[in-house]
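See below for the structure under consideration.
Number of protein chains: 2
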Amino acid sequence: MNERPREELPSLDPEMFDPVCPSPLVPFRVGDKWAPLVLRCLEGGPRRFSELKVPLRGITSKSLTHSLRALERGGFVARTEEPLPEHGVYYALTALGRGLLGPLDAACAWTRDHWDELIDAHEEAALASADRGV
Amino acid sequence: MNERPREELPSLDPEMFDPVCPSPLVPFRVGDKWAPLVLRCLEGGPRRFSELKVPLRGITSKSLTHSLRALERGGFVARTEEPLPEHGVYYALTALGRGLLGPLDAACAWTRDHWDELIDAHEEAALASADRGV
DNA sequence: GGGCCTGGTATCCGATCGGATACCGGCCTA
DNA sequence: TAGGCCGGTATCCGATCGGATACCAGGCCC
Numbered sequence: 001m002n003e004r005p006r007e008e009l010p011s012l013d014p015e016m017f018d019p020v021c022p023s024p025l026v027p028f029r030v031g032d033k034w035a036p037l038v039l040r041c042l043e044g045g046p047r048r049f050s051e052l053k054v055p056l057r058g059i060t061s062k063s064l065t066h067s068l069r070a071l072e073r074g075g076f077v078a079r080t081e082e083p084l085p086e087h088g089v090y091y092a093l094t095a096l097g098r099g100l101l102g103p104l105d106a107a108c109a110w111t112r113d114h115w116d117e118l119i120d121a122h123e124e125a126a127l128a129s130a131d132r133g134v
Numbered sequence: 001m002n003e004r005p006r007e008e009l010p011s012l013d014p015e016m017f018d019p020v021c022p023s024p025l026v027p028f029r030v031g032d033k034w035a036p037l038v039l040r041c042l043e044g045g046p047r048r049f050s051e052l053k054v055p056l057r058g059i060t061s062k063s064l065t066h067s068l069r070a071l072e073r074g075g076f077v078a079r080t081e082e083p084l085p086e087h088g089v090y091y092a093l094t095a096l097g098r099g100l101l102g103p104l105d106a107a108c109a110w111t112r113d114h115w116d117e118l119i120d121a122h123e124e125a126a127l128a129s130a131d132r133g134v
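Which chain is which? The protein sequence lines are A and B, in order. Going by this note's numbering, the first sequence opens with residue 1, and the numbers climb by one from there. Going by this note's numbering, the second sequence opens with residue 1, and the numbers climb by one from there.
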């Protein structure tokens with residue numbers, strides 16, 4: 001599927017994700033907490049475990065393993081052990097996984113388009129609940 | 001926003017949702033467990049609490065209240081208490097909530113389009129794990 | 001006044017999620 | 001042979017999710 005794994009694939013930007021993403025306002029979820037970020041990381045080509053941990057700042061091995069296993073079980077990501085010289089474990093999107101990027105993009109776009117409304121609604125709700133309680 | 005609440009609005013089909021929807025295979029979530037179903041129920045117009053409980057077979061008052069409150073806080077659903085003669089509590093989609101139906105439809109469509117692949121991937125994963133373990 | 005229906009709340013409980021921490025075996029290199 | 005990186009696993013813990021059950025206040029109807 002991917003001929004030669006990673007000829008000169010640029011390394012992942014350690015800051016590709018906003019560390020203070022206000023995700024609680026976003027009404028969509030794709031997989032578990034880290035899944036959408038993992039999918040993004042794999043968009044450019046196969047990556048190894050330790051490579052994924054860089055932009056996913058703060059993720060523990062356990063969480064990353066768990067997320068990857070779930071994506072694997074769903075058929076969205078494939079795990080392969082490469083022999084020498086590229087030696088290591090590589091994770092790559094399957095066709096199905098790549099297809100998932102479409103809806104993911106759509107969800108992101110919708111959120112961006114309605115960001116102000118989401119903020120407003122959230123603040124209004126906070127005010128209203130402050131009126132009623134406390 | 002809605003002139004006269006519910007003139008001859010057809011009542012909800014108690015069987016509008018498949019009781020054995022295999023949702024664990026679906027990689028998307030919109031809000032909490034019941035949120036997408038609630039949104040669907042409100043698609044046709046404002047509904048009262050007890051009306052919503054019909055197609056959402058088995059939902060408890062607590063869960064429905066919780067789900068509705070969350071949707072309210074997010075600005076997707078509005079709660080209004082109607083005086084006589086329509087007397088009662090009505091829940092309706094806001095503009096933002098109605099907008100949410102777009103991405104929701106898209107997610108449903110994607111899932112339908114890739115249903116066979118999702119099933120296959122899931123069964124293959126089950127086989128593979130059976131090979132490795134037990 | 002004694003039912004009902006409506007629209008909830010209060011409490012408890014088990015399951016799951018996700019982070020913190022510690023540990024580990026295989027391999028490469030110095 | 002010692003230390004490092006790589007790719008994890010094992011254990012514990014607190015927070016959250018979601019169901020079960022019980023209860024309740026207000027209004028209408030007889």
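Think of the CB as a built atom: it goes at the ideal place given N, C-alpha and C, for glycine as much as any other residue.
For the segment 9-37 of chain B, which residues have a beta carbon sitting closer than 7 Å to at least one beta carbon of chain A?
Pro-27, Phe-28, Arg-29, Val-30, Gly-31
To which residues of the same chain is A/Val-54 closer than 7 Å at the C-beta, ignoring the five residues directly before and after it?
By one-based count along the first sequence, residue 54 of chain A stands at place 54. Around A/Val-54: Leu-12, Pro-14.
Tell me whether the segment 23-31 of chain A and the segment 23-39 of chain B touch, counting them as touching only if at least three CB pairs, one residue from each stretch, are closer than 8 Å.
yes
Between B/Gly-75, B/Phe-76, B/Tyr-90, which has its C-alpha nearest B/Glu-82's C-alpha?
Along the second sequence, one-based indexing puts residue 82 of chain B at 82. Comparing Cα-Cα distances from B/Glu-82 to each of B/Gly-75, B/Phe-76, B/Tyr-90, the minimum goes to B/Tyr-90.
Measure the alpha-carbon distance for B/Gly-75 versus A/His-66 and round it to whole angstroms.
Your numbering for residue 75 of chain B matches position 75 in the second sequence. Your numbering for residue 66 of chain A matches position 66 in the first sequence. If I take the Cα positions, the gap works out to 33 Å.
Cβ of B/Gly-99 within 8 Å of any chain A Cβ
In the second sequence, counting from the first residue as 1, residue 99 of chain B sits at position 99. Yes - at least one Cβ of chain A is within 8 Å of the one on B/Gly-99.
Where the beta strand (DSSP E) through B/Glu-170 begins and ends:
For chain B, the structure presents residues 1 to 134; residue 170 of chain B sits outside this window and is missing.
Per DSSP, cross-strand counterpart(s) of B/Arg-48
Taking the first residue of the second sequence as position 1, residue 48 of chain B is located at position 48. BP columns for B/Arg-48 point to B/Tyr-90.
Residues of chain A with a CB under 9 Å from the CB of B/Trp-115: which are they?
Residue numbering aside, residue 115 of chain B sits at position 115 when the second sequence is read from its first letter. Ordered by position in chain A, no residue passes the 9 Å Cβ test against B/Trp-115, which lies about 11 Å from the chain.
Taking 8 Å as the cut-off, decide whether the C-beta atoms of B/Phe-49 and B/Leu-37 are in contact.
Here residue 49 of chain B is taken as the residue at index 49 of the second sequence, counted from 1. Here residue 37 of chain B is taken as the residue at index 37 of the second sequence, counted from 1. Contact check for B/Phe-49 against B/Leu-37 fails: the beta carbons are separated by 8 Å or more.
Buried or exposed, going by whether 16 or more other CB atoms sit within 10 Å of the CB of B/Ala-35?
One-based indexing of the second sequence puts residue 35 of chain B at position 35. Per the 10 Å Cβ criterion, buried.
Which chain B residues sit within Cβ distance under 7 Å of A/Ala-121?
For the purposes of this step, residue 121 of chain A is taken as residue 121 along the first sequence, with counting starting at 1. Going along chain B in sequence order, the residues near A/Ala-121 (Cβ under 7 Å) are Gly-74, Gly-75, Leu-96.
What did DSSP end up calling B/Arg-112 once you bin it into helix, strand or coil?
Counting from 1 along the second sequence, the entry for residue 112 of chain B is found at position 112. If DSSP states are grouped into helix, strand and coil, B/Arg-112 belongs with the helices.
Roughly how many whole angstroms lie between the Cα atoms of B/Ser-61 and B/Asp-18?
Walking along the second sequence from the start, residue 61 of chain B turns up at place 61. Walking along the second sequence from the start, residue 18 of chain B turns up at place 18. Looking at the two C-alpha atoms, the distance is approximately 20 Å.
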